[in-house]
Amino acid sequence: MELDFNEFKARLLNEMTRGIHPAPYIQEEVRRAEALKLGLVEEVERAPQFVTEASNKIDSYLYQLHELAKKYPLDFYQLDQKTAIQDDKMQQGIKDQLKKLDETEDPEGPGKIHPLDLS
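Numbering-wise (the working numbering), the sequence shown opens with residue 7 and increments by one.
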């Protein structure tokens, strides 16, 4: 499964031109990403660093999908997806965590000292 949001949006647009409603298509992609994440949990003892990084990438992807899903009527989603989409506190928490991850991954981000800077 690709976790490329831009690639997903291109596939979604293609499906929409064929007359497919976007909400169920988005929901199915969310389900696949959630299943992928559940499968990773079993491997945490064998490859903890990989599982952590992959889990973070999946969470980022799920956040983007949920933000996209908000553009369509909630009536098209199943109850668990409606709840996740409407839970602004959870979505904001995910957004904050993603921002922290971006800051820690950027070695030259605000407040960071480049390891080769000897000044």
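Note that beta-carbon positions come from the ideal geometry of N, C-alpha and C, so glycine has one too.
Query raised in the report: How about I64 and K43: do their beta carbons lie closer than 9 Å?
Result: yes
Query raised in the report: Which runs of the alpha helix (DSSP H) spanning at least 4 residues fall entirely within the segment 24-79, listed in chain order?
Result: 28-47 and 54-75
Query raised in the report: Exposed or buried, Q33, counting other C-beta atoms within 10 Å across all chains shown (16 or more means buried)?
Result: Counting of Cβ neighbours within 10 angstroms places Q33 among the buried residues, the total reaching 16 or more.
Query raised in the report: Should E36 be labelled buried (16 or more other beta-carbon atoms within 10 Å of its own) or exposed?
Result: According to the sequence provided, residue 36 is Val. The question's Glu does not apply to it. Label assigned to V36: buried.
**Report entry** Sub-9 Å separation of E40 and L74 beta-carbons
**Finding:** no
Query raised in the report: From G45 to L18, what distance separates their C-alpha atoms?
Result: 25 Å
Report task. Return the CA-CA distance between V47 and P28, expressed in angstroms with no decimal places. Result -> 29 Å
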